[in-house]
Amino acid sequence: DDWQTFYEGGLRLTEYLQYAGYDSLMISVLAEGSTIYPSGLLEPTPRYDTGLFFDSGQDPVRKDGLEMLLRMFDRERLRLIPTLDFSAPLPRLEETLRRGGAASASVRWIGPAGTPWDESLAGRRTIGPYYNVLDPRVQEEMLSVVREVVRGYGQHPSFAALALKLSADGYAQLPGPEWGLDDATIDRFQRDCRMQVPGEGPQRFAQRSQFFAGDPARRVWLQWRADQLYHFYRRVHEELIAVRPGCRLY
């Protein structure tokens with residue numbers, strides 16, 4: 193796909209929105225491991241921009257389709273809501289996992305068997321909730337992606353809001369309560385909630401899962417996880433309104 197394809201697609205999009213009586217659009221700009229904008233943090237695949245493969249070498253630089261759309265929307269006085277789908281690997285977190293060691297364990301969701309989420313579903317590892325959003329390092333990497341988009345494009349009048357896609361195939365939301373049993377996450381839970389969680393040795397993950405299956409531990413565990421995610425979303429919203437006061441997070 194060359195620039196002409198991108199331009200014609202954007203032009204027809206704005207024309208159709210006006211024809212159909214719409215004044216705004218929510219569109220994915222990060223999804224399935226690729227983007228429609230160049231990124232210094234991600235390593236987007238060519239899924240949405242195949243210009244790199246031209247034999248002529250006419251399009252070696254990744255196109256900024258998001259900038260193009262925002263300029264078109266500015267001109268037509270339409271509103272654009274970029275959507276981020278956190279469902280694919282983040283390079284710096286993958287580097288942490290490659291280094292290994294105890295510090296890397298909490299980056300992924302650990303279940304009752306003591307194994308990561310992605311290893312429990314062999315054959316389907318390309319997308320999914322394999323990063324532990326309760327881990328501060330995971331949250332920081334996700335916030336970095338948000339900052340890149342908001343600070344890079346938030347100056348456009350048509351930049352109306354930001355949206356995060358929540359699905360079972362992504363890590364922007366929580367999986368079931370049996371996930372998040374790694375040592376670092378449990379240590380933070382014990383410190384914050386002043387509740388001792390039993391479990392030692394190789395069987396500690398199963399023991400923790402059993403402990404959280406009963407009340408009141410289950411209620412406290414679920415509430416703590418929900419609070420952690422709530423504060424993360426508050427930080428995302430703060431990043432947004434720092435650049436675009438009054439903008440909403442969807």
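Quick note on numbering: the sequence shown equals residues 193 to 442 in our numbering. Ideal Cβ positions, reconstructed from N, Cα and C, are used throughout, including at glycine.
- prompt: Is the CB-CB distance between Pro367 and Trp309 below 9 Å?
  reply: In the sequence shown, the residue the question calls residue 367 occupies position 175. In the sequence shown, the residue the question calls residue 309 occupies position 117. Cβ distance < 9 Å, so Pro367 and Trp309 count as in contact.
- prompt: In terms of residue numbering, what span does the beta strand (DSSP E) encompassing Val221 cover?
  reply: Looking up residue 221 in the sequence shown gives position 29. Residues 216–223.
- prompt: Which one of Gln365, Phe397, Gly362 has the shortest CA to CA distance from Asp379?
  reply: One-based indexing of the sequence shown puts residue 379 at position 187. Answer by Cα proximity: Phe397.
query: What is the residue span of the beta strand (DSSP E) that Arg271 lies within?
result: Along the sequence shown, read from residue 1 onward, the residue named residue 271 stands at position 79. Looking at the DSSP string, the run of the beta strand (DSSP E) that includes Arg271 is 271–276.
- request: With DSSP as the reference, please indicate the residues paired to Ile378 in a beta bridge.
  value: Counted from its first residue, the sequence shown places residue 378 at position 186. The partner list for Ile378 (beta bridge, DSSP) is empty, contrary to what the question assumes.
query: When the Cα of Tyr363 is compared with those of Lys255, Met218, Ala223, His348, which residue comes out closest?
result: Numbered from 1 along the sequence shown, position 171 holds the residue referred to as residue 363. Of Lys255, Met218, Ala223, His348, the residue nearest in Cα terms is Ala223.
task: State buried or exposed for Pro394, treating a residue as buried only when at least 16 other CB atoms are found within 10 Å of its CB.
output: To locate residue 394, count along the sequence shown from 1; it is residue 202. Exposed.
- prompt: In chain order, which alpha helix (DSSP H) runs of at least 4 residues are fully inside the segment 353–401?
  reply: 375–385
field: For Leu258 and Val444, believed in contact at Cβ under 8 Å, the rounded distance
entry: Nothing in the structure corresponds to residue 444, since the chain is present only between 193 and 442.
- prompt: Among Pro304, Gln365, Phe351, which one has its Cα closest to the Cα of Val330?
  reply: In the sequence shown, counting from the first residue as 1, residue 330 sits at position 138. The shortest C-alpha separation from Val330 is found at Gln365.
- request: Provide the residue span of the alpha helix (DSSP H) that contains Ile302, from first to last.
  value: Counting from one through the sequence shown, the residue named residue 302 turns up at place 110. Unbroken run through Ile302: none, as it is neither H nor E.
field: Cα-Cα separation, Glu431 to Val221
entry: Start at 1 with the first residue of the sequence shown, and residue 431 comes out as number 239. Start at 1 with the first residue of the sequence shown, and residue 221 comes out as number 29. When rounded, the distance between both Cα atoms is 18 Å.
field: Close beta carbons around Phe403, own chain, < 8 Å, minus the five adjacent residues each side
entry: Working through the sequence shown from its first residue, we reach residue 403 at position 211. So the qualifying residues of the chain are Val389, Pro390, Gly391, Ala409.
message: Assuming Phe265 is part of the alpha helix (DSSP H), what are its boundary residues?
response: Stepping through the sequence shown from its first residue, residue 265 is reached at position 73. Element bounds for Phe265: 257–268.
field: Residue-level contact to chain D via CB, Leu258, 9 Å cutoff
entry: In the displayed structure, chain D is absent; only one protein chain is listed.
message: Here's the rule I'm using: 16 or more other beta-carbon atoms within 10 Å means buried, otherwise exposed. How should Gly315 be labelled?
response: Looking up residue 315 in the sequence shown gives position 123. Confidence in Gly315 is poor, its pLDDT being 47 and thus under 50, which makes the residue's placement unreliable; the coordinate value appears in the next sentence. Answer is exposed; the Cβ neighbour count stays below 16.
field: Beta-carbon spacing of Val342, Arg436 below 9 Å
entry: Taking the sequence shown and counting its residues from 1, the one referred to as residue 342 is at position 150. Taking the sequence shown and counting its residues from 1, the one referred to as residue 436 is at position 244. Cβ distance < 9 Å, so Val342 and Arg436 count as in contact.
- request: Give the straight-line distance between the Cα atoms of Gln196 and Pro230, rounded to the nearest whole angstrom.
  value: Within the sequence shown, the letter at position 4 stands for residue 196. Within the sequence shown, the letter at position 38 stands for residue 230. So the alpha carbons of these two residues sit roughly 18 Å apart.
DSSP three-state assignment for Arg329, whether helix, strand or coil: Taking the first residue of the sequence shown as 1, we reach residue 329 at position 137. If DSSP states are grouped into helix, strand and coil, Arg329 belongs with the helices.
query: What does a CB cutoff of less than 7 Å around Leu262 pick up in its chain, not counting 5 residues either side in sequence?
result: Looking up residue 262 in the sequence shown gives position 70. Leu272, Tyr345, His348, Ser350, Phe351, listed in sequence order.
Residues bridged to Arg440 [DSSP beta-bridge criterion]: Position 248 of the sequence shown holds residue 440. Ala353, per the DSSP bridge assignment.
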